[in-house]
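J.: If you read the protein sequences in the order shown, they are chains A and B.
In terms of the working numbering, the first sequence has 66 at position 66, counting the first letter as 1, and numbering is strictly consecutive.
In terms of the working numbering, the second sequence has 154 at position 21, counting the first letter as 1, and numbering is strictly consecutive.
We put the beta carbon where it would ideally sit given N, CA and C, even for glycine.
Number of protein chains: 2
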Amino acid sequence: MARRNTIQRSLVLEAVNKLHCHATADEVYEEIIKEHPTISKATVYRNLNLLSDMGEIRRLEIPGSADHFDHITRNHCHVKCKICGRVFDVDMDFVAGLETGIRDTYGFDFTGYDIIFHGVCPECKKQQDSLQG
Amino acid sequence: MARRNTIQRSLVLEAVNKLHCHATADEVYEEIIKEHPTISKATVYRNLNLLSDMGEIRRLEIPGSADHFDHITRNHCHVKCKICGRVFDVDMDFVAGLETGIRDTYGFDFTGYDIIFHGVCPECKKQQDSLQG
DNA sequence: TTTCTTATTGATATATTATATCAATAAGAA
DNA sequence: TTCTTATTGATATAATATATCAATAAGAAA
Chain A
1 MARRNTIQRS
11 LVLEAVNKLH
21 CHATADEVYE
31 EIIKEHPTIS
41 KATVYRNLNL
51 LSDMGEIRRL
61 EIPGSADHFD
71 HITRNHCHVK
81 CKICGRVFDV
91 DMDFVAGLET
101 GIRDTYGFDF
111 TGYDIIFHGV
121 CPECKKQQDS
131 LQG
Chain B
134 MARRNTIQRS
144 LVLEAVNKLH
154 CHATADEVYE
164 EIIKEHPTIS
174 KATVYRNLNL
184 LSDMGEIRRL
194 EIPGSADHFD
204 HITRNHCHVK
214 CKICGRVFDV
224 DMDFVAGLET
234 GIRDTYGFDF
244 TGYDIIFHGV
254 CPECKKQQDS
264 LQG
């Protein structure tokens with residue numbers, strides 16, 4: 001049952017930390033095979049799950065997209081551009097304690113929440129504006 | 134280009150309204166084929182998309198689950214039970230105007246947000262308690 | 001060091017959700 | 001009734017992720 005340290009696991013952690021902008025499993029895989037072309041994608045998925053469970057990295061579930069993985073930093077939430085699909089950080093100081101407001105209201109045990117904002121990122125907005133005149 | 138009324142489209146709308154508890158495409162399909170076994174699943178998906186675009190129903194994207202579809206009611210957000218995976222309604226009066234707080238902070242055009250709370254529903258909590266003594 | 005147990009890997013199959021393709025059908029205008 | 005084409009049904013395909021399983025290797029034990 002004891003966890004074993006493997007090269008593959010440290011490569012996955014290293015890649016997530018290096019990419020650090022909420023990389024997808026596939027992006028992590030692509031990053032690793034640059035230097036270590038023999039790693040299996042299944043191994044990348046497995047270790048992303050393991051590292052998430054261990055609390056070494058954070059899984060970010062994006063509706064309609066693949067899961068993203070982030071190194072652990074201060075609390076923030078995310079906004080997904082509906083044009084290009086990229087995900088950006090948003091400070092979340094102002095939503096702190098959001099779940100405490102409903103904790104007592106329902107029979108539910110709340111363990112957390114995901115907030116995904118939708119919008120159009122500055123870059124895509126610029127592109128749209130230039131297209132429409 | 135003009136939209137045509139089809140039996141299939143009205144069946145999909147009818148099923149969503151009947152199930153009304155954030156049914157998945159598959160659940161909508163299963164509901165319809167009880168009476169109309171010849172409808173294609175592709176048609177169900179297509180009409181769920183169309184009806185969402187038309188504003189007749191609401192698409193609810195759940196991280197890690199299939200999209201759910203809801204008839205339009207007053208604003209509410211959702212909480213997903215991490216045990217059974219079911220999705221429940223939550224009043225969202227207290228989070229109204231959430232995105233206005235960040236609208237000016239970034240170069241982003243915010244169009245909305247999804248909040249998915251996580252937790253354990255009363256039923257699963259009860260089951261857990263009885264297992265653990 | 002060598003042996004041994006089994007966690008982990010790589011490769012691949014499978015599952016799930018959803019869209020793309022395309023000939024056949026049918027809604028609704030002409 | 002005829003005609004155009006939106007829509008359908010069937011199926012292929014895509015994207016994301018897990019399951020399976022024999023082979024490998026981490027790390028404890030001898």
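#1: Out of curiosity, what's the CA-to-CA distance linking His71 of chain A and Ala175 of chain B?
#2: What does the alpha-carbon distance come out to for the pair Asp129 of chain A and Gly188 of chain B?
#3: Among the residues of its own chain, which have a CB less than 7 Å from the CB of Gln8 of chain A, if the five just before and after it don't count?
#4: Run through the DSSP bridge pairs and tell me what Ala23 of chain A is partnered with.
#5: Measuring only between beta-carbons, confirm whether Ile62 of chain A sits less than 8 Å from chain B.
#6: Along the chain, where does the beta strand (DSSP E) containing Arg192 of chain B start, and where does it finish?
#7: Give a yes or no on whether the C-beta atoms belonging to Cys81 of chain A and Cys124 of chain A are separated by under 8 Å.
#8: What residue range is occupied by the uninterrupted alpha helix (DSSP H) comprising Arg46 of chain A?
#9: Output yes or no for whether 8 Å exceeds the beta carbon distance between Val145 of chain B and Ile165 of chain B.
#10: Are the Cβ atoms of Pro196 of chain B and Glu27 of chain A separated by less than 8 Å?
#11: Return the chain-ordered list of same chain residues with a C-beta closer than 7 Å to the C-beta of Asp186 of chain B, the five sequence neighbours on each side being excluded.
#12: Are the beta-carbon atoms belonging to Phe88 of chain A and His78 of chain A less than 8 Å from one another?
#13: Going by C-alpha to C-alpha distance, which of B:Ile190, B:Leu183, B:Tyr178, B:Leu184 sits closest to Ala199 of chain B?
#14: Bridge partners of Lys125 of chain A, per DSSP?
#15: Per DSSP, what kind of secondary structure is Lys151 of chain B in: helix, strand or coil?
#16: Just grab the DSSP bridge partners of Val145 of chain B for me.
#17: Taking DSSP's pairing of strands, which residues face Val28 of chain A in a bridge?
#18: Where does Ala23 of chain A land, buried or exposed, given buried means 16+ other C-beta within 10 angstroms?
#19: Cα-Cα, which of B:His251, B:Val149, B:Lys259, B:Pro170 is closest to Asn182 of chain B?
T.: Taking the structure as given:
#1: On the first sequence, residue 71 of chain A is found 71 positions in, with the first residue counted as 1. On the second sequence, residue 175 of chain B is found 42 positions in, with the first residue counted as 1. Each residue's CA atom was taken as its position, placing His71 of chain A and Ala175 of chain B some 39 Å apart.
#2: In the first sequence, counting from the first residue as 1, residue 129 of chain A sits at position 129. In the second sequence, counting from the first residue as 1, residue 188 of chain B sits at position 55. Between Asp129 of chain A and Gly188 of chain B, the C-alpha separation is close to 26 Å.
#3: Walking along the first sequence from the start, residue 8 of chain A turns up at place 8. Closer than 7 Å at Cβ, skipping near neighbours: Ile39, Thr43, Asn47.
#4: As a position in the first sequence, residue 23 of chain A is number 23, starting the count at 1. Per DSSP, A:Phe69.
#5: In the first sequence, residue 62 of chain A corresponds to position 62, counting from 1. Chain B, which has a Cβ nearer than 8 Å to the Cβ of Ile62 of chain A, makes this yes.
#6: Indexing the second sequence from 1 puts residue 192 of chain B at position 59. Element bounds for Arg192 of chain B: 190 to 193.
#7: Within the first sequence, the letter at position 81 stands for residue 81 of chain A. Within the first sequence, the letter at position 124 stands for residue 124 of chain A. Yes, they are a contact pair.
#8: Position 46 of the first sequence holds residue 46 of chain A. Note, Arg46 of chain A: alpha helix (DSSP H), 41 to 54.
#9: The sequence position of residue 145 of chain B within the second sequence is 12, counting from 1. The sequence position of residue 165 of chain B within the second sequence is 32, counting from 1. Cβ distance < 8 Å, so Val145 of chain B and Ile165 of chain B count as in contact.
#10: If you number the second sequence from 1, residue 196 of chain B lands on position 63. If you number the first sequence from 1, residue 27 of chain A lands on position 27. Contact flag unset, no.
#11: In the second sequence, residue 186 of chain B corresponds to position 53, counting from 1. Closer than 7 Å at Cβ, skipping near neighbours: no residue.
#12: The residue labelled residue 88 of chain A in the question sits at position 88 within the first sequence. The residue labelled residue 78 of chain A in the question sits at position 78 within the first sequence. Yes, these two residues count as a Cβ contact at 8 Å.
#13: By 1-based counting over the second sequence, the position of residue 199 of chain B is 66. Looking from the CA of Ala199 of chain B, the closest CA among B:Ile190, B:Leu183, B:Tyr178, B:Leu184 belongs to B:Tyr178.
#14: Position 125 of the first sequence holds residue 125 of chain A. In the DSSP output, where bridge partners are listed per residue, Lys125 of chain A has none listed.
#15: Sequence index remark: in the second sequence, residue 151 of chain B carries index 18 (1-based). The answer is helix: DSSP assigns Lys151 of chain B an H, G or I state.
#16: In the second sequence, counting from the first residue as 1, residue 145 of chain B sits at position 12. Beta-bridge pairing links Val145 of chain B to no other residue.
#17: By one-based count along the first sequence, residue 28 of chain A stands at place 28. Looking at the DSSP output, Val28 of chain A sits in no beta bridge, so it has no partner there.
#18: One-based indexing of the first sequence puts residue 23 of chain A at position 23. That one is buried.
#19: By 1-based counting over the second sequence, the position of residue 182 of chain B is 49. The residue with the shortest Cα to Cα distance from Asn182 of chain B is B:Val149.
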